[in-house]
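Asker: My structure is below; once you've seen it, I'll send some questions.
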Amino acid sequence: MESTALITDPYELTMAQSYIEHGKTGRAVFSLFVRRLPENRNFLVACGLETLMKSLENFKFGDDQLKYLKSLGIFKDWFLDYLRELELDLEFYVMDEGTIFFQNEPIVQVEGSLPKAQIIETLVMNIIHFETVIASKAVRSYLTAKGRTLVDFGLRRAHSFTGGLLGARASYVGGFNGTSNLQAGMMYGIPVFGTMAHSYVMIFDEEEEAFRAFAKSFPERVFLLIDTYDTVEGARKALKLLKDGIRVIGVRIDSGDIPELCREVRRIFDEEGFRDVKILVSGGVDEYDIDRWLSEGAPIDAFGVGTKLLTSSDAPYLDIAYKLVEYEGKPKFKESPGKKTFPYKRQVIRYYEKGKFSYDRVVKYEEGELIKKLSFPLPTLKEIREKVLHQLSQLPEELKTLKKVDYRVEVE
3 MESTALITDP
13 YELTMAQSYI
23 EHGKTGRAVF
33 SLFVRRLPEN
43 RNFLVACGLE
53 TLMKSLENFK
63 FGDDQLKYLK
73 SLGIFKDWFL
83 DYLRELELDL
93 EFYVMDEGTI
103 FFQNEPIVQV
113 EGSLPKAQII
123 ETLVMNIIHF
133 ETVIASKAVR
143 SYLTAKGRTL
153 VDFGLRRAHS
163 FTGGLLGARA
173 SYVGGFNGTS
183 NLQAGMMYGI
193 PVFGTMAHSY
203 VMIFDEEEEA
213 FRAFAKSFPE
223 RVFLLIDTYD
233 TVEGARKALK
243 LLKDGIRVIG
253 VRIDSGDIPE
263 LCREVRRIFD
273 EEGFRDVKIL
283 VSGGVDEYDI
293 DRWLSEGAPI
303 DAFGVGTKLL
313 TSSDAPYLDI
323 AYKLVEYEGK
333 PKFKESPGKK
343 TFPYKRQVIR
353 YYEKGKFSYD
363 RVVKYEEGEL
373 IKKLSFPLPT
383 LKEIREKVLH
393 QLSQLPEELK
403 TLKKVDYRVE
413 VE
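If you're matching positions, the sequence shown starts at 3 in the working numbering and goes up one per residue.
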(Lines of atoms letter the chains of each structure in order from A; the text may use other names.)
(Lines give C-alpha, C1' and ligand atoms only; values in the text may rest on other atoms or scores of the structure.)
Protein backbone atom coordinates (compact mmCIF):
# COMPACT_ATOMS: atom_id res chain seq x y z
CA MET A 3 0.00 0.00 0.00
CA GLU A 4 1.26 3.48 -0.80
CA SER A 5 2.30 5.87 1.93
CA THR A 6 -0.56 7.72 3.61
CA ALA A 7 1.70 10.36 5.15
CA LEU A 8 0.67 13.15 2.76
CA ILE A 9 -3.04 12.56 3.19
CA THR A 10 -3.03 15.67 5.33
CA ASP A 11 -3.13 19.46 5.27
CA PRO A 12 0.01 21.64 5.26
CA TYR A 13 -0.83 23.17 8.61
CA GLU A 14 -0.42 19.83 10.38
CA LEU A 15 3.25 19.87 9.38
CA THR A 16 3.88 23.60 9.83
CA MET A 17 2.51 23.35 13.37
CA ALA A 18 4.58 20.24 14.08
CA GLN A 19 7.79 21.96 12.97
CA SER A 20 7.04 24.99 15.10
CA TYR A 21 6.08 22.85 18.11
CA ILE A 22 9.48 21.19 17.99
CA GLU A 23 11.33 24.48 17.51
CA HIS A 24 9.68 25.88 20.62
CA GLY A 25 10.02 22.80 22.79
CA LYS A 26 6.32 21.89 22.68
CA THR A 27 6.76 18.13 22.46
CA GLY A 28 5.06 17.07 25.70
CA ARG A 29 2.23 14.60 26.07
CA ALA A 30 -1.00 15.78 24.48
CA VAL A 31 -4.49 14.40 24.07
CA PHE A 32 -6.66 15.08 21.02
CA SER A 33 -10.32 14.10 20.90
CA LEU A 34 -12.42 13.26 17.85
CA PHE A 35 -16.13 13.90 18.42
CA VAL A 36 -19.31 15.14 16.74
CA ARG A 37 -20.54 18.45 18.13
CA ARG A 38 -24.17 17.95 17.18
CA LEU A 39 -26.12 15.34 15.28
CA PRO A 40 -27.65 16.13 11.89
CA GLU A 41 -31.29 17.18 12.02
CA ASN A 42 -32.36 13.81 10.62
CA ARG A 43 -30.22 11.52 12.78
CA ASN A 44 -31.20 10.29 16.23
CA PHE A 45 -27.88 8.49 16.76
CA LEU A 46 -24.66 7.60 14.96
CA VAL A 47 -22.67 4.38 14.53
CA ALA A 48 -18.90 4.54 15.09
CA CYS A 49 -17.14 3.05 12.09
CA GLY A 50 -13.76 3.05 10.35
CA LEU A 51 -11.37 2.20 13.19
CA GLU A 52 -9.83 -0.83 11.48
CA THR A 53 -9.42 1.14 8.25
CA LEU A 54 -7.69 3.91 10.23
CA MET A 55 -5.27 1.55 11.94
CA LYS A 56 -4.29 -0.05 8.64
CA SER A 57 -3.79 3.39 7.09
CA LEU A 58 -1.57 4.50 9.97
CA GLU A 59 0.66 1.47 9.39
CA ASN A 60 1.59 3.14 6.11
CA PHE A 61 2.04 6.63 7.52
CA LYS A 62 5.69 6.77 6.46
CA PHE A 63 7.67 9.65 4.98
CA GLY A 64 9.83 8.09 2.28
CA ASP A 65 12.05 9.63 -0.36
CA ASP A 66 9.19 10.67 -2.64
CA GLN A 67 7.20 12.35 0.11
CA LEU A 68 10.23 14.16 1.52
CA LYS A 69 11.39 15.31 -1.90
CA TYR A 70 7.98 16.86 -2.51
CA LEU A 71 7.89 18.56 0.89
CA LYS A 72 11.38 19.98 0.33
CA SER A 73 10.27 21.39 -3.05
CA LEU A 74 7.63 23.49 -1.30
CA GLY A 75 10.33 25.59 0.35
CA ILE A 76 8.44 25.62 3.65
CA PHE A 77 10.13 23.02 5.82
CA LYS A 78 13.63 22.97 7.29
CA ASP A 79 16.02 20.13 6.61
CA TRP A 80 16.17 19.04 10.23
CA PHE A 81 12.36 18.72 10.27
CA LEU A 82 12.39 16.62 7.11
CA ASP A 83 14.95 14.38 8.85
CA TYR A 84 12.55 14.18 11.80
CA LEU A 85 9.76 13.08 9.48
CA ARG A 86 11.94 10.44 7.87
CA GLU A 87 12.51 8.81 11.26
CA LEU A 88 8.96 9.40 12.52
CA GLU A 89 7.38 6.58 14.52
CA LEU A 90 3.79 6.98 15.64
CA ASP A 91 4.21 5.64 19.16
CA LEU A 92 0.78 6.93 20.14
CA GLU A 93 -1.93 5.55 22.37
CA PHE A 94 -5.54 5.40 21.21
CA TYR A 95 -8.57 5.44 23.49
CA VAL A 96 -11.56 4.48 21.41
CA MET A 97 -15.16 3.47 21.15
CA ASP A 98 -15.27 0.01 19.60
CA GLU A 99 -16.39 -0.02 16.01
CA GLY A 100 -20.12 -0.60 15.94
CA THR A 101 -20.80 1.47 19.05
CA ILE A 102 -23.89 3.66 18.94
CA PHE A 103 -23.02 7.18 20.09
CA PHE A 104 -24.37 10.72 20.33
CA GLN A 105 -23.25 14.36 20.35
CA ASN A 106 -20.11 15.46 22.26
CA GLU A 107 -18.99 11.88 22.87
CA PRO A 108 -15.37 11.10 21.93
CA ILE A 109 -15.07 8.40 19.26
CA VAL A 110 -11.27 8.36 19.13
CA GLN A 111 -8.82 10.01 21.54
CA VAL A 112 -5.15 10.16 20.59
CA GLU A 113 -2.47 10.53 23.27
CA GLY A 114 1.23 11.05 22.78
CA SER A 115 3.90 13.56 21.80
CA LEU A 116 2.16 16.75 20.62
CA PRO A 117 3.68 16.93 17.10
CA LYS A 118 2.89 13.27 16.38
CA ALA A 119 -0.69 13.46 17.62
CA GLN A 120 -1.19 16.64 15.59
CA ILE A 121 0.22 15.29 12.33
CA ILE A 122 -2.38 12.51 11.98
CA GLU A 123 -5.41 14.80 12.54
CA THR A 124 -6.61 14.92 8.94
CA LEU A 125 -6.29 11.19 8.31
CA VAL A 126 -8.14 10.34 11.52
CA MET A 127 -10.97 12.72 10.70
CA ASN A 128 -11.27 11.69 7.07
CA ILE A 129 -11.55 7.95 7.64
CA ILE A 130 -13.72 7.90 10.76
CA HIS A 131 -15.99 10.62 9.39
CA PHE A 132 -16.75 8.89 6.10
CA GLU A 133 -17.38 5.39 7.39
CA THR A 134 -19.41 6.70 10.33
CA VAL A 135 -21.59 8.74 7.95
CA ILE A 136 -22.33 5.68 5.80
CA ALA A 137 -22.83 3.20 8.64
CA SER A 138 -25.21 5.68 10.31
CA LYS A 139 -27.17 6.00 7.07
CA ALA A 140 -27.24 2.24 6.47
CA VAL A 141 -28.62 1.40 9.87
CA ARG A 142 -31.72 3.49 9.14
CA SER A 143 -32.56 1.23 6.20
CA TYR A 144 -31.93 -1.77 8.42
CA LEU A 145 -34.42 -0.51 10.99
CA THR A 146 -37.13 0.38 8.48
CA ALA A 147 -36.68 -2.84 6.45
CA LYS A 148 -37.66 -4.92 9.50
CA GLY A 149 -35.69 -8.04 8.63
CA ARG A 150 -35.85 -7.88 4.84
CA THR A 151 -32.68 -8.38 2.83
CA LEU A 152 -30.61 -5.26 2.07
CA VAL A 153 -27.93 -5.05 -0.60
CA ASP A 154 -25.54 -2.14 -1.25
CA PHE A 155 -25.84 -1.15 -4.93
CA GLY A 156 -23.97 2.14 -4.62
CA LEU A 157 -20.53 1.62 -6.17
CA ARG A 158 -21.25 3.16 -9.58
CA ARG A 159 -22.34 6.49 -8.10
CA ALA A 160 -20.15 6.57 -5.03
CA HIS A 161 -17.72 9.44 -4.61
CA SER A 162 -14.77 7.50 -6.05
CA PHE A 163 -14.15 3.77 -6.09
CA THR A 164 -12.45 4.08 -2.70
CA GLY A 165 -15.64 5.62 -1.35
CA GLY A 166 -17.56 2.71 -2.84
CA LEU A 167 -15.23 0.20 -1.22
CA LEU A 168 -15.26 1.74 2.25
CA GLY A 169 -18.97 2.48 1.87
CA ALA A 170 -19.67 -1.20 1.26
CA ARG A 171 -17.75 -2.03 4.44
CA ALA A 172 -19.64 0.60 6.44
CA SER A 173 -23.05 -0.42 5.10
CA TYR A 174 -22.36 -4.03 6.10
CA VAL A 175 -21.49 -2.80 9.60
CA GLY A 176 -24.80 -0.90 9.54
CA GLY A 177 -26.85 -4.06 8.99
CA PHE A 178 -26.80 -4.66 5.24
CA ASN A 179 -26.66 -8.28 4.12
CA GLY A 180 -24.34 -7.81 1.18
CA THR A 181 -23.01 -5.69 -1.67
CA SER A 182 -22.69 -5.64 -5.44
CA ASN A 183 -19.05 -4.54 -5.00
CA LEU A 184 -16.75 -7.45 -5.85
CA GLN A 185 -13.66 -5.72 -4.46
CA ALA A 186 -15.43 -5.34 -1.11
CA GLY A 187 -16.45 -8.97 -1.28
CA MET A 188 -12.85 -10.06 -1.77
CA MET A 189 -11.28 -7.68 0.76
CA TYR A 190 -13.83 -7.93 3.55
CA GLY A 191 -15.64 -11.21 2.98
CA ILE A 192 -18.98 -9.44 2.49
CA PRO A 193 -21.55 -11.56 0.58
CA VAL A 194 -21.95 -10.33 -3.01
CA PHE A 195 -25.17 -10.08 -5.03
CA GLY A 196 -25.94 -9.28 -8.65
CA THR A 197 -27.27 -10.85 -11.84
CA MET A 198 -28.20 -8.71 -14.84
CA ALA A 199 -28.85 -5.15 -16.05
CA HIS A 200 -31.37 -3.79 -18.53
CA SER A 201 -28.76 -3.93 -21.28
CA TYR A 202 -28.69 -7.72 -21.02
CA VAL A 203 -32.44 -7.93 -21.61
CA MET A 204 -32.30 -5.39 -24.45
CA ILE A 205 -29.59 -7.25 -26.39
CA PHE A 206 -32.00 -10.13 -27.10
CA ASP A 207 -34.86 -9.81 -29.56
CA GLU A 208 -37.39 -10.99 -26.98
CA GLU A 209 -37.50 -10.46 -23.22
CA GLU A 210 -38.38 -14.09 -22.58
CA GLU A 211 -35.43 -15.16 -24.72
CA ALA A 212 -33.15 -13.10 -22.47
CA PHE A 213 -34.62 -14.71 -19.36
CA ARG A 214 -34.16 -18.22 -20.73
CA ALA A 215 -30.61 -17.49 -21.89
CA PHE A 216 -29.64 -16.24 -18.46
CA ALA A 217 -31.26 -19.24 -16.79
CA LYS A 218 -29.26 -21.54 -19.05
CA SER A 219 -26.01 -19.75 -18.20
CA PHE A 220 -26.67 -19.55 -14.44
CA PRO A 221 -29.29 -22.17 -13.51
CA GLU A 222 -28.62 -21.77 -9.77
CA ARG A 223 -28.82 -17.95 -9.82
CA VAL A 224 -31.94 -17.10 -11.78
CA PHE A 225 -32.89 -13.63 -10.53
CA LEU A 226 -34.62 -11.73 -13.33
CA LEU A 227 -34.89 -7.99 -13.97
CA ILE A 228 -38.49 -7.63 -15.17
CA ASP A 229 -39.10 -3.89 -15.72
CA THR A 230 -37.15 -3.24 -18.92
CA TYR A 231 -40.38 -2.90 -20.91
CA ASP A 232 -43.55 -3.76 -19.00
CA THR A 233 -43.15 -4.99 -15.44
CA VAL A 234 -46.34 -7.03 -15.27
CA GLU A 235 -45.65 -8.67 -18.62
CA GLY A 236 -42.12 -9.33 -17.47
CA ALA A 237 -43.49 -11.14 -14.44
CA ARG A 238 -45.72 -13.28 -16.65
CA LYS A 239 -42.72 -14.25 -18.78
CA ALA A 240 -40.82 -15.19 -15.63
CA LEU A 241 -43.84 -17.29 -14.69
CA LYS A 242 -43.48 -19.22 -17.95
CA LEU A 243 -39.97 -20.24 -16.91
CA LEU A 244 -41.27 -21.40 -13.56
CA LYS A 245 -43.97 -23.50 -15.21
CA ASP A 246 -41.30 -25.08 -17.40
CA GLY A 247 -39.48 -26.27 -14.30
CA ILE A 248 -36.83 -23.54 -14.21
CA ARG A 249 -36.17 -22.41 -10.64
CA VAL A 250 -36.51 -18.63 -10.54
CA ILE A 251 -35.22 -17.39 -7.20
CA GLY A 252 -36.64 -13.91 -7.60
CA VAL A 253 -37.36 -10.87 -9.70
CA ARG A 254 -36.10 -7.30 -9.51
CA ILE A 255 -38.17 -4.17 -10.13
CA ASP A 256 -36.21 -0.97 -10.71
CA SER A 257 -38.89 1.59 -11.60
CA GLY A 258 -42.56 2.52 -11.63
CA ASP A 259 -45.30 2.57 -9.01
CA ILE A 260 -43.50 0.22 -6.66
CA PRO A 261 -46.29 -0.73 -4.22
CA GLU A 262 -48.85 -1.36 -6.99
CA LEU A 263 -46.40 -3.28 -9.19
CA CYS A 264 -45.19 -5.42 -6.31
CA ARG A 265 -48.74 -6.34 -5.36
CA GLU A 266 -49.57 -7.34 -8.94
CA VAL A 267 -46.34 -9.30 -9.42
CA ARG A 268 -46.87 -11.06 -6.10
CA ARG A 269 -50.41 -11.99 -7.17
CA ILE A 270 -49.18 -13.43 -10.48
CA PHE A 271 -46.74 -15.77 -8.76
CA ASP A 272 -48.92 -16.67 -5.78
CA GLU A 273 -51.96 -17.64 -7.85
CA GLU A 274 -49.85 -20.26 -9.58
CA GLY A 275 -48.36 -21.53 -6.31
CA PHE A 276 -44.92 -19.93 -6.63
CA ARG A 277 -45.02 -18.17 -3.30
CA ASP A 278 -41.28 -18.52 -2.65
CA VAL A 279 -40.25 -16.25 -5.57
CA LYS A 280 -38.69 -13.16 -4.02
CA ILE A 281 -39.32 -9.57 -5.07
CA LEU A 282 -36.35 -7.19 -4.86
CA VAL A 283 -36.82 -3.45 -5.43
CA SER A 284 -34.05 -1.05 -6.48
CA GLY A 285 -33.68 2.33 -8.17
CA GLY A 286 -33.16 5.41 -6.01
CA VAL A 287 -34.23 3.59 -2.85
CA ASP A 288 -33.55 4.91 0.64
CA GLU A 289 -34.94 4.41 4.14
CA TYR A 290 -37.79 6.84 3.53
CA ASP A 291 -39.00 4.81 0.54
CA ILE A 292 -38.63 1.55 2.46
CA ASP A 293 -40.61 2.91 5.38
CA ARG A 294 -43.37 4.29 3.14
CA TRP A 295 -43.73 1.24 0.91
CA LEU A 296 -43.81 -1.25 3.76
CA SER A 297 -46.30 0.89 5.69
CA GLU A 298 -48.50 0.67 2.58
CA GLY A 299 -48.27 -3.12 2.70
CA ALA A 300 -46.12 -3.58 -0.39
CA PRO A 301 -44.98 -7.25 -0.57
CA ILE A 302 -41.25 -6.62 -0.92
CA ASP A 303 -38.65 -9.17 0.21
CA ALA A 304 -35.42 -7.28 -0.47
CA PHE A 305 -34.06 -3.87 -1.36
CA GLY A 306 -31.08 -2.76 -3.44
CA VAL A 307 -30.02 0.57 -1.96
CA GLY A 308 -27.42 2.55 -3.88
CA THR A 309 -26.87 6.21 -4.64
CA LYS A 310 -28.62 7.66 -1.61
CA LEU A 311 -26.81 5.23 0.70
CA LEU A 312 -23.21 5.72 -0.38
CA THR A 313 -23.61 9.47 -0.68
CA SER A 314 -25.71 9.65 2.51
CA SER A 315 -27.87 12.04 0.52
CA ASP A 316 -29.92 13.49 3.38
CA ALA A 317 -26.96 13.98 5.74
CA PRO A 318 -23.70 13.83 3.75
CA TYR A 319 -21.46 15.17 6.50
CA LEU A 320 -21.11 15.44 10.26
CA ASP A 321 -20.06 18.39 12.41
CA ILE A 322 -16.99 16.41 13.44
CA ALA A 323 -13.89 17.85 15.10
CA TYR A 324 -10.44 16.74 16.29
CA LYS A 325 -9.46 19.02 19.13
CA LEU A 326 -6.68 19.39 21.68
CA VAL A 327 -8.16 18.67 25.13
CA GLU A 328 -5.09 18.18 27.32
CA TYR A 329 -1.38 19.06 27.30
CA GLU A 330 1.12 17.92 29.92
CA GLY A 331 -1.76 17.13 32.24
CA LYS A 332 -3.35 20.58 31.93
CA PRO A 333 -6.83 21.15 30.47
CA LYS A 334 -7.15 22.66 27.01
CA PHE A 335 -10.45 23.81 25.56
CA LYS A 336 -12.13 26.31 23.24
CA GLU A 337 -14.85 28.74 24.24
CA SER A 338 -15.73 29.93 20.73
CA PRO A 339 -19.50 30.42 20.25
CA GLY A 340 -20.98 27.24 18.81
CA LYS A 341 -17.61 25.47 18.93
CA LYS A 342 -17.04 24.98 22.64
CA THR A 343 -14.91 21.98 23.57
CA PHE A 344 -14.48 20.08 26.82
CA PRO A 345 -11.08 19.52 28.45
CA TYR A 346 -9.26 16.32 29.35
CA LYS A 347 -9.40 12.79 28.04
CA ARG A 348 -12.96 11.57 28.43
CA GLN A 349 -15.05 8.53 29.24
CA VAL A 350 -18.69 7.90 28.34
CA ILE A 351 -20.94 6.26 30.90
CA ARG A 352 -24.22 4.89 29.56
CA TYR A 353 -27.23 4.39 31.78
CA TYR A 354 -30.04 1.95 31.09
CA GLU A 355 -33.65 1.63 32.13
CA LYS A 356 -35.33 -1.74 31.67
CA GLY A 357 -32.55 -2.82 29.34
CA LYS A 358 -32.81 0.25 27.09
CA PHE A 359 -30.56 3.32 26.73
CA SER A 360 -31.70 5.99 29.18
CA TYR A 361 -29.03 8.72 29.00
CA ASP A 362 -25.25 9.18 28.75
CA ARG A 363 -22.71 11.07 30.84
CA VAL A 364 -19.38 12.30 29.46
CA VAL A 365 -16.89 12.55 32.31
CA LYS A 366 -13.14 12.85 32.86
CA TYR A 367 -11.50 9.61 31.82
CA GLU A 368 -11.60 6.57 34.06
CA GLU A 369 -11.85 2.89 33.34
CA GLY A 370 -15.28 2.14 31.98
CA GLU A 371 -17.28 0.24 29.42
CA LEU A 372 -17.67 2.47 26.38
CA ILE A 373 -14.14 3.85 25.82
CA LYS A 374 -11.11 1.62 26.13
CA LYS A 375 -7.44 1.75 25.30
CA LEU A 376 -7.03 0.26 21.84
CA SER A 377 -5.72 -3.29 21.80
CA PHE A 378 -5.19 -5.92 19.14
CA PRO A 379 -6.42 -8.02 17.47
CA LEU A 380 -9.36 -5.90 16.43
CA PRO A 381 -12.81 -7.48 16.09
CA THR A 382 -13.77 -9.07 12.79
CA LEU A 383 -16.20 -7.27 10.49
CA LYS A 384 -18.88 -9.82 11.37
CA GLU A 385 -18.34 -9.18 15.09
CA ILE A 386 -18.60 -5.42 14.54
CA ARG A 387 -21.87 -5.88 12.65
CA GLU A 388 -23.24 -8.10 15.43
CA LYS A 389 -22.33 -5.43 17.97
CA VAL A 390 -24.40 -2.88 16.05
CA LEU A 391 -27.40 -5.19 15.87
CA HIS A 392 -27.17 -5.97 19.58
CA GLN A 393 -27.04 -2.30 20.50
CA LEU A 394 -30.02 -1.58 18.27
CA SER A 395 -32.01 -3.99 20.43
CA GLN A 396 -31.15 -1.75 23.40
CA LEU A 397 -32.30 1.49 21.76
CA PRO A 398 -35.61 2.97 22.91
CA GLU A 399 -38.20 2.50 20.17
CA GLU A 400 -38.58 6.23 19.54
CA LEU A 401 -34.89 6.51 18.58
CA LYS A 402 -35.35 3.84 15.91
CA THR A 403 -37.88 5.85 13.92
CA LEU A 404 -37.26 8.39 11.17
CA LYS A 405 -38.78 11.09 13.36
CA LYS A 406 -36.25 13.35 15.09
CA VAL A 407 -35.90 12.53 18.80
CA ASP A 408 -33.27 13.99 21.13
CA TYR A 409 -31.23 11.77 23.45
CA ARG A 410 -29.86 13.19 26.70
CA VAL A 411 -26.09 13.55 26.95
CA GLU A 412 -24.68 15.22 30.07
CA VAL A 413 -21.15 16.59 29.75
CA GLU A 414 -19.38 17.19 33.08
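In this text, a Cβ means the ideal position worked out from N, Cα and C, and glycines have one as well.
(1) Within the present structure, is the beta-carbon of residue 88 separated from the nearest heavy atom of the ligand MN by less than 7 Å?
(2) When we look at the beta-carbon of residue 112 and count the other beta-carbons within 10 Å, is it buried (16 or more) or exposed?
(3) Would you check if there are 3 or more beta carbon pairs closer than 8 Å linking the region 293-307 to the region 145-153?
(4) If I'm right that residue 101 touches residue 372 with Cβ under 8 Å, what's the distance once you round it to whole angstroms?
(5) What does a CB cutoff of less than 6 Å around residue 316 pick up in its chain, not counting 5 residues either side in sequence?
(6) Nearest by alpha-carbon distance to residue 158: which of 308, 268, 353 and 350 is it?
(7) Check residue 287 in the structure and name its three-state DSSP category.
(8) Since residue 222 is in the beta strand (DSSP E), which residue starts that stretch and which ends it?
(9) Bridge partners of residue 142, per DSSP?
(10) Which residues does DSSP pair with residue 103 in a beta bridge?
(11) How about residue 141 and residue 179: are their beta carbons less than 8 Å apart?
(12) By the three-class DSSP mapping on this structure, what secondary structure does residue 384 have?
(13) What three-state label does DSSP hand residue 83 in the structure shown?
(14) Inspect the CB distances between the region 338-352 and the region 182-196 and report whether three or more fall short of 8 Å.
(15) Identify whether residue 196 lies in helix, strand or coil by the three-state DSSP scheme.
(16) For residue 336, which of helix, strand or coil comes out of DSSP?
(17) Given this structure, state the Cα-to-Cα distance separating residue 240 from residue 156, to the nearest angstrom.
(18) Return helix, strand or coil for residue 254, following the three-state DSSP convention.
(19) Between which two residues does the alpha helix (DSSP H) harbouring residue 267 extend?
(20) Is it true that the CB of residue 364 sits closer than 8 Å to the CB of residue 52?
(21) Go ahead and pull the three-state DSSP assignment for residue 305.
(22) CA-CA distance, residue 173 and residue 387?
(23) Roughly how many angstroms lie between the CA atoms of residue 306 and residue 110, to the nearest whole one?
(24) Here's the rule: buried if 16 or more other CB atoms are within 10 angstroms of the residue's CB, otherwise exposed. What is residue 117?
(25) Starting from residue 2, follow the beta strand (DSSP E) in both directions and report where the run begins and ends.
(26) Among the residues of its own chain, which have a CB less than 6 Å from the CB of residue 261, if the five just before and after it don't count?
(27) Helix, strand or coil for residue 348 per DSSP?
(28) DSSP state of residue 32, grouped into three classes?
(29) Could you check how far apart the C-beta atoms of residue 359 and residue 398 are, in whole angstroms? I think they sit under 8 Å.
(30) How do the region 251-268 and the region 212-231 stand: do at least 3 beta-carbon pairs fall below 8 Å, yes or no?
(31) To the nearest whole angstrom, what separates the beta carbons of residue 310 and residue 278, a pair I think is in contact under 8 Å?
(32) So is residue 217 buried or exposed if we call it buried at 16+ other beta carbons inside 10 Å?
(33) What is the residue span of the alpha helix (DSSP H) that residue 151 lies within?
(34) Going by Cα to Cα distance, which pick from 347, 348 and 362 is closest to residue 354?
(35) Would you grab the beta carbon distance between residue 131 and residue 320 for me? Rounded to a whole angstrom, and I think it's under 8 Å.
(36) Rounded to the nearest angstrom, how far is the Cβ of residue 93 from that of residue 114, given a contact under 8 Å?
Answerer: In brief:
(1) By its list of ligands, the structure shown contains no ligand whatsoever, and the ligand MN lies outside what it can speak to.
(2) If you number the sequence shown from 1, residue 112 lands on position 110. Of the residues assessed, residue 112 falls on the buried side of the cut-off, its CB having 16 or more other CB atoms within 10 angstroms.
(3) Remark: three or more beta-carbon pairs, one from each stretch, lie closer than 8 Å, so the region 293-307 and the region 145-153 are flagged as touching.
(4) Translated into positions along the sequence shown, residue 101 becomes position 99. Translated into positions along the sequence shown, residue 372 becomes position 370. At roughly 7 Å, the Cβ-Cβ gap stays under 8 Å, so residue 101 and residue 372 are in contact.
(5) By 1-based counting over the sequence shown, the position of residue 316 is 314. So the qualifying residues of the chain are 42.
(6) By one-based count along the sequence shown, residue 158 stands at place 156. Per the Cα distances, 308.
(7) The count along the sequence shown starts at 1 and reaches residue 287 at position 285. It is coil, neither helix nor strand.
(8) Within the sequence shown, residue 222 is the residue found at index 220, counting from 1. Premise fails: residue 222 is in no beta strand (DSSP E) and is neither H nor E.
(9) Translated into positions along the sequence shown, residue 142 becomes position 140. Its beta-bridge partners do not exist; DSSP assigns none.
(10) For this step, residue 103 is matched to residue 101 along the sequence shown. Paired residue(s): 46.
(11) Your numbering for residue 141 matches position 139 in the sequence shown. Your numbering for residue 179 matches position 177 in the sequence shown. No, the pair does not count as a contact, with Cβ atoms beyond the cut-off.
(12) Taking the first residue of the sequence shown as position 1, residue 384 is located at position 382. In the structure shown, the three-state DSSP call for residue 384 is helix.
(13) Position 81 of the sequence shown, counted from the start, is the residue given in the question as residue 83. Residue 83 falls in the helix class under three-state DSSP.
(14) no
(15) Walking along the sequence shown from the start, residue 196 turns up at place 194. Coil at residue 196, not helix or strand.
(16) Taking the first residue of the sequence shown as position 1, residue 336 is located at position 334. Three-state result, residue 336: coil.
(17) Walking along the sequence shown from the start, residue 240 turns up at place 238. Walking along the sequence shown from the start, residue 156 turns up at place 154. Cα to Cα, the separation comes out at about 27 Å.
(18) By one-based count along the sequence shown, residue 254 stands at place 252. In this structure, residue 254 counts as strand in the three-state DSSP scheme.
(19) In the sequence shown, the residue the question calls residue 267 occupies position 265. Taken as a continuous stretch (DSSP letters only), the alpha helix (DSSP H) holding residue 267 covers 260-273.
(20) The sequence position of residue 52 within the sequence shown is 50, counting from 1. The sequence position of residue 364 within the sequence shown is 362, counting from 1. No, Cβ-Cβ distance for residue 52 and residue 364 is not below 8 Å.
(21) If you number the sequence shown from 1, residue 305 lands on position 303. Three-state DSSP puts residue 305 in a strand.
(22) The count along the sequence shown starts at 1 and reaches residue 173 at position 171. The count along the sequence shown starts at 1 and reaches residue 387 at position 385. If I take the Cα positions, the gap works out to 9 Å.
(23) The residue labelled residue 306 in the question sits at position 304 within the sequence shown. The residue labelled residue 110 in the question sits at position 108 within the sequence shown. Roughly 32 Å between the two C-alpha positions.
(24) Residue numbering aside, residue 117 sits at position 115 when the sequence shown is read from its first letter. When all chains shown are included, residue 117 counts as buried.
(25) What is shown of the chain runs 3 to 414, which leaves residue 2 out entirely.
(26) In the sequence shown, the residue the question calls residue 261 occupies position 259. Counting only Cβ-Cβ distances below 6 Å, and skipping sequence neighbours, we find 295, 298 and 300.
(27) Stepping through the sequence shown from its first residue, residue 348 is reached at position 346. Look at residue 348 here: in three-state DSSP terms it is strand.
(28) Stepping through the sequence shown from its first residue, residue 32 is reached at position 30. Strand.
(29) For this step, residue 359 is matched to residue 357 along the sequence shown. For this step, residue 398 is matched to residue 396 along the sequence shown. Right, the Cβ-Cβ distance comes to about 6 Å (below 8 Å), so this counts as a contact.
(30) yes
(31) Residue numbering aside, residue 310 sits at position 308 when the sequence shown is read from its first letter. Residue numbering aside, residue 278 sits at position 276 when the sequence shown is read from its first letter. Contact flag wrong, Cβ pair sits at about 30 Å.
(32) Here residue 217 refers to the residue found at position 215 when the sequence shown is read from its first residue. By the 10 Å Cβ count, residue 217 comes out buried.
(33) Mapped onto the sequence shown, residue 151 falls at position 149. Counting along the chain, no alpha helix (DSSP H) covers residue 151; the unbroken beta strand (DSSP E) around it starts and ends at 151-154.
(34) As a position in the sequence shown, residue 354 is number 352, starting the count at 1. Measuring from the Cα of residue 354, the nearest candidate turns out to be 362.
(35) The residue given as residue 131 occupies position 129 in the sequence shown. The residue given as residue 320 occupies position 318 in the sequence shown. Contact flag correct, Cβ pair sits at about 6 Å.
(36) In the sequence shown, the residue the question calls residue 93 occupies position 91. In the sequence shown, the residue the question calls residue 114 occupies position 112. About 6 Å separates the two Cβ atoms, so the contact holds.
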